[in-house]
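Notes for the one structure printed next.
Number of protein chains: 2
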Amino acid sequence: MTGLSGPIGVFDSGVGGLTVLRALRSVLPQDRFVYLGDTARLPYGTKSAASVVRYSLQCADALVARGIRCLVVACNTASASALDALRLRYPGIPVIGVIEPGAAAAVAATRSRHIAVIGTEGTIDGGAYQSAIQRLDAAVRVTAQACSLFVAVAEEGWVEGAIAESIARRYLDPIFSGGQRLSAADGVPDTLVLGCTHFPVLAAAVRAVLPDHVTLIDSAATVAAAVIRELPAANSCGPGHVTWLATDGAARFARVGGTFLGETLRPEDIEVIDL
Amino acid sequence: MTGLSGPIGVFDSGVGGLTVLRALRSVLPQDRFVYLGDTARLPYGTKSAASVVRYSLQCADALVARGIRCLVVACNTASASALDALRLRYPGIPVIGVIEPGAAAAVAATRSRHIAVIGTEGTIDGGAYQSAIQRLDAAVRVTAQACSLFVAVAEEGWVEGAIAESIARRYLDPIFSGGQRLSAADGVPDTLVLGCTHFPVLAAAVRAVLPDHVTLIDSAATVAAAVIRELPAANSCGPGHVTWLATDGAARFARVGGTFLGETLRPEDIEVIDL
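Sequences listed follow chains A and B, in order.
Per the working numbering, residue 1 is the first one in the first sequence, and the count goes up by one each step.
Per the working numbering, residue 1001 is the first one in the second sequence, and the count goes up by one each step.
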């Protein structure tokens, strides 16, 4: 069912993964994509690992049935739990998660050997970024902070302005030394990983409250780069196309998803499927 | 399995219902309660009505097995979908939801015949408060506003201060005329229903941005009053006790639940059960 010419499949528990799709389209504008948001069962972050693996395999099955040539797991929870199971089920298809590319980019970027990671409570408590970074370089220090409100702020579309910046400041000032604009020489992190697919839309608000020396790692962009490396001959030469799938709520998917995709989505373009 | 002397059963999809439990305990301090948070399957708001009914019946079964004499549905989604099914299954047990008592209190309070209701997106889109108010008085105008961020802010425990008030202002100023402190004579609502069990902990922040003439209806308090009316001889004369049940995540339940309960919860006091 798969081949060199199929589309790239992308799934997430909801709309956050659209930031990954957006990054993929910006580097592969002529390619075809199938995006699946498992909106009927979101959030994955509060589910057991066994359930997340089962859901991920079902998502992958639906995408493979549409002939994908590459699978992007645009969900931190699924990336942390299900990559091995997905690779075992589909050995012929490259499976790319969001965690390793972000971790690798952060390790490459840091000079102070101190990286900060922000994500949902589930991602941070699960420690997947911390482990991935320390597998790459055990000497790197990692400071992790759950930023639960960022998801709700992003889904509400309040991605710029005073409220987003106040919330960012409250989460990040304690890590980056209370806004005193200390430098990396003072031991604060010099690299911040946006470890949730919702967070790239908040990058400007986060940037506004960070010391200037901090490098921001956008995990959506790093995943896109990883896909390009994995699929060197990936570029199609068509007009580019996305097939939209969701397991529930086309109207909400379209409305909230627009924020993450950066363009308007129409409910009638979204096919609701059962898994 | 039930009788006049059993505890009062309370269930919610998570910790929000603890505001209802807190209100119940404040009026029935000597009574016994069993609280069940179906944390493994939260949120109910994004599930189908059929699933919410099934989950609610399972929650009720678990509570009835513990001999409750009254069932309080401390969840807006379950109150909107499952009351009939619960009453059919347990005709001998009073079943009290959160919507009707809040709607009745609002209709009794309004002079301008214009009520505002805030809740989660699911509650507001489902229209349960709007319907309940208009069943009581079809001439009352209802302005409804989803305040999705309030849930995340409340669960983060950021219930007071500039961030909570900025968010409240952004949601409520458009309803209450841009902070110009218009009066009810200008056609703005004179009554605001906190139509989500998470919201009572944000009452101070909401109050701070409302015009003075607006009456705030706390649905947790109105449910407690409804329980007292339903169970006139309900008072036990014991020391008061709560049995804590959750379907997942005792640690998070205890940590986040403390905000809603207004006192410290210990993970070891919470029994995790399967439904």
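The C-beta atom is built at its ideal place from N, Cα and C for all residues, glycine as well.
Here the structure is a predicted model, which means the values were calculated and not measured.
- Between L202/A and E1156/B, the C-beta gap is not smaller than 9 Å, which leaves the two residues out of contact.
- Any Cβ of chain A closer than 9 Å to the Cβ of S1013/B would place that residue at the interface, and such an atom is absent.
- Counting C-beta atoms within 10 angstroms of its own C-beta, C1075/B has 16 or more neighbours from the protein chains shown and is therefore classed as buried.
- DSSP places A1138/B outside both helix and strand once states are collapsed to three, so it counts as coil.
- Around I217/A, the same chain offers G102, A105, A106, A109, T191, L192, V193 and L194 as residues with beta carbons nearer than 8 Å, after the five sequence neighbours per side are excluded.
- Taking a cut-off of 8 Å on C-beta distances, the stretch 258-269 of chain A touches the stretch 6-25 of chain A, as three or more cross pairs fall below it.
- Contact of W1158/B with chain A is assigned, a C-beta pair being separated by under 9 Å.
- Interface flag for L42/A against chain B is set, since a Cβ pair is found closer than 9 Å.
- Counting only unbroken stretches of 3 or more residues, the beta strand (DSSP E) elements lying wholly within the stretch 1043-1077 of chain B are 1070-1073, in sequence order.
- Annotation: the continuous alpha helix (DSSP H) that includes A1152/B extends over S1148 to E1156.
- Membership of Y171/A in the alpha helix (DSSP H) is indicated by the continuous run A162 to L172.
- If only uninterrupted beta strand (DSSP E) runs of at least 3 residues are considered, those enclosed by the stretch 72-106 of chain A are 95-97.
- In the pairwise beta carbon analysis, the stretch 79-92 of chain A is classified as touching the stretch 51-65 of chain A: at least three pairs are separated by under 8 Å.
- In the displayed model, T123/A falls within a helix according to three-state DSSP.
- Within chain B, the residues I1163, S1166, I1167 and R1170 have their CB atoms less than 8 Å from the CB of I163/A, given in chain order.
- At least 9 Å separates the beta-carbon of I1167/B from that of A1204/B.
- Shown here, A1040/B sits in coil according to DSSP, grouped into three states, outside any helix or strand.
- Linking E1165/B to S1219/B through their CA atoms gives a straight-line distance of about 20 Å.
- By the Cβ rule, the stretch 1126-1138 of chain B does not count as touching the stretch 121-136 of chain A, because fewer than three pairs are nearer than 8 Å.
- The DSSP-derived three-state label of I273/A is coil.
- Per DSSP, L1194/B lies in no alpha helix (DSSP H) segment; the continuous beta strand (DSSP E) that holds it begins and ends at T1191 to L1194.
- Around the beta carbon of R111/A, fewer than 16 other beta carbons lie within 10 angstroms, which makes this residue exposed.
- Chain-order list of chain B residues neighbouring E100/A: empty, with the shortest C-beta distance near 27 Å, by a criterion of under 7 Å.
- Residue pairing by DSSP leaves D1031/B without any beta bridge partner.
- By the Cβ-count criterion, P239/A is exposed, with fewer than 16 other Cβ atoms from all chains shown falling within 10 Å of its own Cβ.
- Taken in chain order, the complete alpha helix (DSSP H) segments of 4 or more residues contained in the stretch 231-266 of chain A are 250-261.
- With contacts defined as CB atoms closer than 9 Å, V1027/B and V1242/B fail to qualify as a contacting pair.
- Nearest Cα to F253/A within the set R170/A, L42/A, A144/A and Y90/A: L42/A.
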